């Protein structure tokens, strides 16, 4: 049964159509990934789901409650982790969590109990009395997430929760998300990092220019581009001529270049590689490295949009 | 939730050392510096010390004679003595600092007054005569304005006499009926007009520099206190804490009210600390009416917090909030008498200043310091709350998360 239903949701800012007739459903207990480059419309979509923005048209239903009619009921079951560190730097971790707990309507012994629990989840109980501005980026991110768990939400929306942190904190956060999901929490996870989305999410929606351009499980999405490889070549001064020549080769599905990196999607990587190298040679472009990867979400995105995810 | 939002803001601002320095340490130091540095300008002995001034009279009409003999030499005799000089002598005595200032009566002075046209009395001063010339300017302009008004009345009376054929004998041959009536009016009212001006000057002078600047700086730094809270709101918009609050239980109304209450808490605490500090350590007498002090403080804080909400709503970044706050606060402070005594300002500035909250807040504290009671400051409280409501309304309409 669907826990979250989005129907034909749209939002425009002036002439910019930020979210364009988006529809999808998420089941209870699912970890759902929302993937897309900057400006794809992910944050606007999330802002509408978290009651911060009113949609121009369409509807959102979470846990059986209509967003337009019962926003307070939705707020009770929804936890939101913003992309920014939405904490007060001069307050301690405990003071921050006490404040956010109160904002979720908690008080007294229950508030203290939930704050202790959240500090436990963040793994920062022993540093609870330190100010947030003395924390590392990873520790701040962990408290940022813990603050969204205080009221035991049924659904957790996480907007790029691991931006700019160390691998240790990233692992801690990913493990936390999996643990919460095992306990029954539904999670919507947006990220630039495909490896995180591939690791966590059972189903993924890919957004671009305000639209959902692909939706399905990892396997379903990979099947969209068949058994294709991504050849990544690092060079210098890669110009349009090089990419045009590669694009003209038989067996090449698509070519993009960003900076000094050229990405080629092909079903016959073994056969075309020699020809690609000879093009670089003929154009007097020195190759620094070549990497061949099997199809992944990045290549799916490249295939669908003709652009790299982090362009 | 309202109070939790407000108390959290108070805690955040009072943990910020830079904010504390601006809100508490700076006003305390500035009051001390200005209080000692400009003490001479508030010395009441200096104000009543008699001085001499020159008069250059280009007018050969009756009104300039009345002005020199009756107003300057009779009514103002306790404040200064005058002697008539020609233009060359005036330049010399000014240059040699024999007199601090010279009054120049224009050629058409009497005619302009009789025809109810605006008159311009020029007052020239040397470097030492700035304050004294301001006093003289205030007296002369007050006299000229009231004389013009008197003439308007004299013309009207003259018309009435003519219409109802009421006999009126001109006492001196060769002058018009309206001039004769005006002369009577001026004899009766001229002294009163001047007394009023003297009283105004004297009232300003009765405060010590420490008292004057304690009130002026309190009002100015209340606005700076509010601007600290304003910056916090804009920063919260940038780092999504405002959005996060909205995605939790509180709605927009609770959030905005909580933020406004937070600004009020910040400013009230600041005002309380500054009033107590200046009372205990600088001996500033804030007045005997505790209710008056409380009400004018509450109204000023309300207006300052509303001003803060307005800036928070229009500023897109913390830097813009800072720049806008500085611009408004400094302009308001200059106009509201925070930099130099109000009585030194030209009338136009005084009129513009009435649109600033500093003017009314300062006026309120000022009057209480002079011994006035609660009822005197109630209208000022009303004006401050009205101004606050305008700022708040504009701020709430434009407020976004």
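Residue numbers (this note's numbering), protein chains in the order written: chain A, 3 to 313; chain B, 7 to 407. Every residue, glycine too, gets a C-beta built ideally from N, C-alpha and C. Note that this is a predicted model, so its numbers are computed, not measured.
Out of A:37, A:41, A:32, point me to the one whose CA is closest to residue 19 of chain A's CA.
Here the question's residue 19 of chain A lines up with position 17 in the first chain. For residue 19 of chain A, the closest alpha carbon among the candidates A:37, A:41, A:32 is that of A:41.
Does the pairing of the stretch 21-39 of chain A with the stretch 173-193 of chain A give three or more beta-carbon distances under 8 Å?
yes
Under 6 Å Cβ to Cβ from residue 209 of chain A, same chain only, skipping five residues before and after it: list those, please.
Position 207 of the first chain, counting from 1, holds the residue named residue 209 of chain A. The beta carbon of residue 209 of chain A lies closer than 6 Å to those of 38, 42, 43, 44 in the same chain, with the five residues before and after it left out.
For chain A, find out if any of its Cβ atoms is closer than 8 Å to the Cβ of residue 249 of chain B; answer yes or no.
Translated into positions along the second chain, residue 249 of chain B becomes position 243. Between residue 249 of chain B and chain A, the shortest Cβ-Cβ separation is below 8 Å.
Would residue 157 of chain A count as contacting chain B if we go by Cβ distances under 8 Å?
Taking the first residue of the first chain as position 1, residue 157 of chain A is located at position 155. It does not: the Cβ of residue 157 of chain A has no partner Cβ on chain B nearer than 8 Å.
What's the C-alpha gap between residue 309 of chain A and residue 303 of chain A?
Counting from 1 along the first chain, the entry for residue 309 of chain A is found at position 307. Counting from 1 along the first chain, the entry for residue 303 of chain A is found at position 301. C-alpha separation (whole angstroms): 7 Å.
Sort out for me which residues DSSP pairs residue 199 of chain A with in a bridge.
On the first chain, residue 199 of chain A is found 197 positions in, with the first residue counted as 1. In the DSSP output, where bridge partners are listed per residue, residue 199 of chain A has none listed.
Check the Cβ-Cβ distances between residue 379 of chain B and every residue of chain A, and say whether any is below 8 Å.
Taking the second chain and counting its residues from 1, one reaches residue 379 of chain B at position 373. So, not an interface residue.
Could you work out which residue in B:132, B:26, B:68 is closest to residue 113 of chain B when comparing CA atoms only?
In the second chain, counting from the first residue as 1, residue 113 of chain B sits at position 107. Residue 113 of chain B has its Cα closest to that of B:68, out of B:132, B:26, B:68.
Could you check the C-alpha separation between residue 98 of chain A and residue 358 of chain B for me, to the nearest Å?
Here residue 98 of chain A refers to the residue found at position 96 of the first chain. Here residue 358 of chain B refers to the residue found at position 352 of the second chain. Taking the straight line from one Cα to the other gives about 45 Å.
Taking all protein chains shown into account, do 16 or more other C-beta atoms lie within 10 angstroms of the C-beta of residue 238 of chain A, making it buried, or fewer, making it exposed?
For this step, residue 238 of chain A is matched to residue 236 along the first chain. Exposed, because fewer than 16 other Cβ atoms sit within 10 Å of the Cβ of residue 238 of chain A.
Would you mind telling me which residues of chain B sit closer than 9 Å to residue 93 of chain A, beta carbon to beta carbon, in chain order?
Walking along the first chain from the start, residue 93 of chain A turns up at place 91. Residues of chain B passing the Cβ test: 14, 17, 18, 21.
Could you check what DSSP says for residue 285 of chain B in three-state terms: helix, strand or coil?
Here the question's residue 285 of chain B lines up with position 279 in the second chain. Looking at residue 285 of chain B - three-state DSSP - the assignment turns out to be helix.
Does the Cβ-Cβ distance between residue 184 of chain B and residue 161 of chain B come in under 8 Å?
Taking the second chain and counting its residues from 1, one reaches residue 184 of chain B at position 178. Taking the second chain and counting its residues from 1, one reaches residue 161 of chain B at position 155. Yes, the pair counts as a contact, with Cβ atoms nearer than the cut-off.
Pick helix, strand or coil for residue 235 of chain A, following the three-state DSSP scheme.
On the first chain, residue 235 of chain A is found 233 positions in, with the first residue counted as 1. Here residue 235 of chain A sits in strand by DSSP.
Taking the alpha-carbon positions, what's the residue 182 of chain B to residue 176 of chain B distance?
Taking the second chain and counting its residues from 1, one reaches residue 182 of chain B at position 176. Taking the second chain and counting its residues from 1, one reaches residue 176 of chain B at position 170. Taking the straight line from one Cα to the other gives about 8 Å.
Beta strand (DSSP E) containing residue 30 of chain A: first to last residue?
The residue labelled residue 30 of chain A in the question sits at position 28 within the first chain. Segment: none, residue 30 of chain A is in no beta strand (DSSP E) and carries neither H nor E.
Would you report the Cα separation of residue 169 of chain A and residue 148 of chain A, rounded to the nearest angstrom?
Start at 1 with the first residue of the first chain, and residue 169 of chain A comes out as number 167. Start at 1 with the first residue of the first chain, and residue 148 of chain A comes out as number 146. Straight across, the Cα-Cα distance linking residue 169 of chain A with residue 148 of chain A is about 18 Å.
Taking Cβ positions, are residue 334 of chain B and residue 397 of chain B nearer each other than 8 Å?
By 1-based counting over the second chain, the position of residue 334 of chain B is 328. By 1-based counting over the second chain, the position of residue 397 of chain B is 391. No, the Cβ-Cβ distance between residue 334 of chain B and residue 397 of chain B is not below 8 Å.
Cβ of residue 106 of chain A less than 8 Å from any chain B Cβ?
For the purposes of this step, residue 106 of chain A is identified with residue 104 of the first chain, where counting begins at 1. By this cut-off, residue 106 of chain A is an interface position.
Can you grab the Cα-Cα spacing for the pair residue 11 of chain B / residue 252 of chain B, in whole Å?
Position 5 of the second chain holds residue 11 of chain B. Position 246 of the second chain holds residue 252 of chain B. Roughly 12 Å between the two C-alpha positions.
Which first and last residues belong to the beta strand (DSSP E) in which residue 11 of chain A is found?
Numbered from its first residue, the first chain carries residue 11 of chain A at position 9. Residues 4-15.
So is residue 283 of chain A buried or exposed if we call it buried at 16+ other beta carbons inside 10 Å?
Along the first chain, one-based indexing puts residue 283 of chain A at 281. Exposed, since its Cβ has fewer than 16 Cβ neighbours within 10 Å.
Straight-line CA distance for residue 132 of chain A to residue 159 of chain A?
As a working mapping, residue 132 of chain A is identified with position 130 in the first chain. As a working mapping, residue 159 of chain A is identified with position 157 in the first chain. So the alpha carbons of these two residues sit roughly 27 Å apart.
Assign residue 406 of chain B to buried or exposed, taking buried as 16 or more other Cβ atoms, counted over all protein chains shown, within 10 Å of its Cβ.
Translated into positions along the second chain, residue 406 of chain B becomes position 400. Result: exposed.
Listing by chain order, which chain A residues have their CB less than 8 Å from the CB of residue 246 of chain B?
Here residue 246 of chain B corresponds to residue number 240 of the second chain, with the count starting at 1. Neighbours of residue 246 of chain B on chain A, chain order: 84, 85, 86, 88.
Can you check the stretch 147-176 of chain B for any alpha helix (DSSP H) of at least 4 residues that lies completely inside it and give the ranges in chain order?
none
Around the Cβ of residue 31 of chain B, are there at least 16 other Cβ atoms within 10 angstroms (buried) or fewer (exposed)?
Position 25 of the second chain, counted from the first residue, corresponds to residue 31 of chain B. Looking at its Cβ environment, which holds fewer than 16 other Cβ atoms inside 10 Å, residue 31 of chain B is exposed.
Quick one: what's got a C-beta closer than 7 Å to residue 199 of chain B's C-beta in the same chain, skipping five residues either side?
Here the question's residue 199 of chain B lines up with position 193 in the second chain. Low local confidence applies: a pLDDT of 47 at residue 199 of chain B is under 50, so the model's placement there is unreliable, with the coordinate-based value given in what follows. 148, 149, 152, listed in sequence order.
Residue 305 of chain A CB to nearest chain B CB: under 8 Å?
Numbered from 1 along the first chain, position 303 holds the residue referred to as residue 305 of chain A. No, no contact with chain B.
Could you check which residue in B:332, B:327, B:272 has the C-alpha nearest to that of residue 306 of chain B?
Looking up residue 306 of chain B in the second chain gives position 300. The shortest C-alpha separation from residue 306 of chain B is found at B:272.
Sorted by chain position, which residues of the same chain lie with C-beta nearer than 6 Å to residue 338 of chain B's C-beta, five sequence neighbours on each side aside?
Position 332 of the second chain, counted from the first residue, corresponds to residue 338 of chain B. Hits under 6 Å: 362, 364.
Does residue 58 of chain A come out as helix, strand or coil in the three-state DSSP assignment?
Taking the first residue of the first chain as position 1, residue 58 of chain A is located at position 56. Residue 58 of chain A falls in the coil class under three-state DSSP.
Note down the Cα distance separating residue 322 of chain B from residue 196 of chain A, rounded to an integer number of angstroms.
For this step, residue 322 of chain B is matched to residue 316 along the second chain. For this step, residue 196 of chain A is matched to residue 194 along the first chain. So the two alpha carbons sit approximately 33 Å from each other.
Quick check on residue 126 of chain A - is its C-beta less than 8 Å from some C-beta in chain B?
Start at 1 with the first residue of the first chain, and residue 126 of chain A comes out as number 124. Not one chain B Cβ lies under 8 Å of residue 126 of chain A.
Using a Cβ cut-off of 8 Å (strictly closer), state whether residue 253 of chain B contacts chain A.
By 1-based counting over the second chain, the position of residue 253 of chain B is 247. Output row for residue 253 of chain B: interface = yes.
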